[in-house]
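Using numbering that gives the first Met the number 0, the first residue of the sequence shown is number 0, and each one after it goes up by one.
This report refers to the structure that appears directly beneath it.
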Amino acid sequence: MEKDISRLYELFESSPVLVAAYDEFDRLRYANPAFRSAYFIEPDETPLWPDLMRRNFHERRGTVINATDFEEWLRSTQSRRGKVGFRAMETDLHDGRWLWMTETMRKDGWMLCVATDVTGLKAKTRAVRQDRDLAIKASYTDELTGVANRRFVTARVEDMLQPQGSKEASFGCLCVLDIDRFKSINDQFGHQVGDVVLRDFAKRIHDLVRRTDCFGRVGGEEFVLTLPATSLEQAQLIVERMLASVRMSRPLQEHPDFRYTFSAGIASARASDTALSLYARADAALYRAKLAGRDRIHLEESSSDRSALAG
């Protein structure tokens with residue numbers, strides 16, 4: 000067995016195919032020489048994927064990223080990265096190469112990336128496929144905030160509800176997040192300021208989302224967060240950190256004292272759930288959080304109507 004593993008390692012090390020593995024935190028844990036060369040990674044480096052992409056973007060090397068705002072591009076990309084079991088895409092490198100890359104996800108959050116040089120394929124066919132990929136990305140992204148939209152998040156809720164084993168707890172949790180008194184913000188400061196708040200909220204929450212989770216805007220000031228294979232108690236702790244982050248935000252330079260909060264309802268998925276029934280329980284918990292005074296988390300009634308006032 001060890002001999003077979005050694006041979007496999009030698010094959011990866013000598014292969015012109017780019018091979019890399021990322022852990023559940025999106026930190027590089029293995030990359031063969033071909034991958035390291037293409038993305039300018041030193042032999043002893045284990046960077047986080049966002050840090051690697053940010054560094055190469057500013058150095059104008061590695062992947063070609065056609066974006067004026069890198070952080071907005073990163074947020075949009077991370078909203079989809081690692082959310083499905085397998086995906087394939089085309090990507091350009093600054094050195095002129097064109098790669099066909101696949102990402103394969105394990106249920107524990109580890110990801111295998113394999114990329115093949117397909118520069119020799121016809122340019123016309125390539126342009127058509129790239130236009131298709133851009134259209135698919137747009138169809139899954141909320142235009143204002145850059146995070147996933149209702150369509151993409153709903154699909155991830157349905158994925159989470161697929162049977163993963165005999166234990167019900169393996170399904171995970173659904174959180175519905177709603178910015179408090181958002182209508183008053185729009186009425187007092189105008190819709191442009193409301194848009195600033197929405198973008199600030201999306202960024203702050205997204206920065207705290209694990210790669211296996213999915214966060215998206217489903218309409219107005221309402222957002223949804225899927226937490227696969229996560230208990231109610233774990234979900235509560237995750238959202239408490241988000242509450243604390245938003246409380247510290249001061250997104251309006253012209254109004255330095257302005258602050259805002261949000262409320263959240265959390266429900267744990269059951270074997271009998273549909274996406275609609277799970278959402279209804281989380282939304283009912285959100286409603287009770289609003290009635291209890293806002294700026295807090297409320298868990299579904301089936302958990303003895305527990306509420307959590309974070310802080």
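We put the CB at the ideal spot given by N, CA and C, even for glycine.
Next item on the list: Within 10 angstroms of the Cβ of residue 12, are there 16 or more other Cβ atoms? Answer buried if so, exposed if not.
Entry: The count along the sequence shown starts at 1 and reaches residue 12 at position 13. Exposed is the call here.
Checklist line | Three-state secondary structure assigned by DSSP to residue 99 | finding: Looking up residue 99 in the sequence shown gives position 100. Here residue 99 sits in strand by DSSP.
Checklist line | Run of the alpha helix (DSSP H) containing residue 0, from where it starts to where it stops | finding: For this step, residue 0 is matched to residue 1 along the sequence shown. Element bounds for residue 0: n/a, residue is neither H nor E.
Notebook entry, point to check: Is the beta carbon of residue 228 less than 7 Å from the beta carbon of residue 111?
Noted result: Position 229 of the sequence shown, counted from the first residue, corresponds to residue 228. Position 112 of the sequence shown, counted from the first residue, corresponds to residue 111. Result no, Cβ atoms of residue 228 and residue 111 do not sit closer than 7 Å.
Checklist line | At least 3 beta-carbon pairs within less than 8 Å: the stretch 113 to 120 vs the stretch 54 to 64 | finding: no
Next item on the list: Taking only runs that begin and end inside the stretch 189 to 268, name each unbroken alpha helix (DSSP H) of 4 or more residues, in chain order.
Entry: 190 to 205 and 231 to 246
Next item on the list: State the DSSP-derived secondary structure class of residue 41, mapped to helix, strand or coil.
Entry: Position 42 of the sequence shown, counting from 1, holds the residue named residue 41. Here residue 41 sits in coil by DSSP.
Checklist line | Element boundaries [alpha helix (DSSP H), containing residue 311] | finding: Because the chain in this structure spans residues 0 to 310, residue 311 falls outside the shown range and cannot be described.
Next item on the list: Kindly indicate which residue of 27, 47 and 18 has the alpha-carbon position closest to the one of residue 100.
Entry: Translated into the one-based positions of the sequence shown, residue 100 becomes position 101. Residue 18 is the option with its Cα nearest to residue 100.
Check: In three-state DSSP terms, what is residue 76?
Finding: In the sequence shown, counting from the first residue as 1, residue 76 sits at position 77. The answer is helix: DSSP assigns residue 76 an H, G or I state.
Item checked: Close Cβ partners of residue 297 (< 6 Å) along its chain, the five nearest in sequence each way excluded -> Translated into the one-based positions of the sequence shown, residue 297 becomes position 298. Closer than 6 Å at the Cβ level, and outside the excluded window around residue 297, lie 264, 284, 287, 288 and 306.
Notebook entry, point to check: Of the choices 262, 261 and 247, whose alpha-carbon is the least far from that of residue 255?
Noted result: Here residue 255 is taken as the residue at index 256 of the sequence shown, counted from 1. The shortest C-alpha separation from residue 255 is found at 247.
Note to self: According to DSSP, simplified to helix, strand and coil, what is residue 178?
What the structure shows: The residue given as residue 178 occupies position 179 in the sequence shown. Residue state, collapsed to three classes: strand.
Next item on the list: Under 8 Å by Cβ, that's how I've got residue 184 and residue 241 pegged, so tell me the actual separation to the nearest angstrom.
Entry: Looking up residue 184 in the sequence shown gives position 185. Looking up residue 241 in the sequence shown gives position 242. Not confirmed; about 19 Å, so no contact.
Margin query: I'd like to check one pair, residue 282 with residue 160: are the Cβ atoms closer than 7 Å?
Written below: Along the sequence shown, read from residue 1 onward, the residue named residue 160 stands at position 161. Along the sequence shown, read from residue 1 onward, the residue named residue 282 stands at position 283. Not in contact: residue 160 and residue 282 (Cβ atoms no closer than 7 Å).
Notebook entry, point to check: Any idea what DSSP makes of residue 291, helix, strand or coil?
Noted result: Indexing the sequence shown from 1 puts residue 291 at position 292. Looking at residue 291 - three-state DSSP - the assignment turns out to be coil, as it is neither helix nor strand.
Item checked: Contact set for residue 224: own chain, Cβ-Cβ below 6 Å, skip 5 residues either direction -> Along the sequence shown, read from residue 1 onward, the residue named residue 224 stands at position 225. Excluding residues within five positions, the ones whose Cβ falls inside 6 Å are 174 and 214.
Notebook entry, point to check: If you draw a straight line from the C-alpha of residue 280 to the C-alpha of residue 171, how long is it?
Noted result: By one-based count along the sequence shown, residue 280 stands at place 281. By one-based count along the sequence shown, residue 171 stands at place 172. If you take the alpha carbons of residue 280 and residue 171, they lie about 14 Å apart.
Next item on the list: Can you give me the start and stop residues for the alpha helix (DSSP H) that residue 50 sits inside?
Entry: Here residue 50 refers to the residue found at position 51 of the sequence shown. Its alpha helix (DSSP H) spans residues 48 to 58.
Next item on the list: Compare the C-alpha of residue 93 against each of 38, 197 and 252 and name the closest.
Entry: As a first step, residue 93 must be located in the sequence shown, where it is residue number 94. Taking only the C-alpha atoms, the option nearest residue 93 is 38.
Next item on the list: Tell me whether residue 211 is buried or exposed, calling it buried when 16 or more other Cβ atoms sit within 10 Å of its Cβ.
Entry: Against the sequence shown, residue 211 aligns to sequence position 212. Buried, because 16 or more other Cβ atoms sit within 10 Å of the Cβ of residue 211.
Checklist line | Beta-carbon proximity list for residue 320, same chain, < 6 Å, skipping 5 on both sides | finding: Past the edges of the chain, shown from 0 to 310, lies residue 320, and the structure says nothing about it.
Item checked: Among 14, 294 and 276, the one whose alpha carbon lies nearest that of residue 157 -> The residue given as residue 157 occupies position 158 in the sequence shown. Nearest option by C-alpha distance: 276.
Check: Is residue 85 buried or exposed, if buried means 16 or more other CB atoms sit within 10 Å of its CB?
Finding: Position 86 of the sequence shown, counted from the first residue, corresponds to residue 85. Looking at its Cβ environment, which holds fewer than 16 other Cβ atoms inside 10 Å, residue 85 is exposed.
Margin query: I want to see whether chain C comes within less than 7 Å of residue 298, judged by CB atoms only; does it?
Written below: No chain C is part of this structure, which consists of one protein chain only.
Note to self: Can you tell me whether residue 165 is buried or exposed? The criterion is at least 16 other CB atoms within 10 Å of its CB, across all chains shown.
What the structure shows: As a working note, residue 165 is residue 166 in the sequence shown. Below a pLDDT of 50, predicted positions are generally treated as unreliable, and residue 165, at 47, falls in that range; no measurement from the model is reported.
Next item on the list: Please confirm whether residue 27 and residue 42 have their CB atoms less than 7 Å apart.
Entry: Looking up residue 27 in the sequence shown gives position 28. Looking up residue 42 in the sequence shown gives position 43. Not a contact, by the Cβ cut-off of 7 Å.
Notebook entry, point to check: With DSSP run on the structure shown, which of helix, strand or coil describes residue 105?
Noted result: On the sequence shown, residue 105 is found 106 positions in, with the first residue counted as 1. Of the three classes helix, strand and coil, the one that applies to residue 105 here is coil, per DSSP.
Notebook entry, point to check: First and last residue of the beta strand (DSSP E) that includes residue 29?
Noted result: Residue numbering aside, residue 29 sits at position 30 when the sequence shown is read from its first letter. Note, residue 29: beta strand (DSSP E), 27 to 30.
Note to self: Could you compute how far the alpha carbon of residue 258 sits from the alpha carbon of residue 250?
What the structure shows: Taking the first residue of the sequence shown as position 1, residue 258 is located at position 259. Taking the first residue of the sequence shown as position 1, residue 250 is located at position 251. Approximately 8 Å between the Cα atoms of the pair.
Margin query: For residue 216, count the other beta carbons within 10 Å of its own beta carbon; 16 or more makes it buried, fewer makes it exposed. Which is it?
Written below: Indexing the sequence shown from 1 puts residue 216 at position 217. Classification for residue 216: buried.
Item checked: residue 83 versus residue 187: straight-line alpha-carbon distance, rounded -> For the purposes of this step, residue 83 is taken as residue 84 along the sequence shown, with counting starting at 1. For the purposes of this step, residue 187 is taken as residue 188 along the sequence shown, with counting starting at 1. Approximately 41 Å, taken between the alpha carbons.
Item checked: residue 153 vs residue 274 beta-carbon contact at 7 Å -> Translated into positions along the sequence shown, residue 153 becomes position 154. Translated into positions along the sequence shown, residue 274 becomes position 275. It is a contact, given that the beta carbons lie within the stated cut-off.
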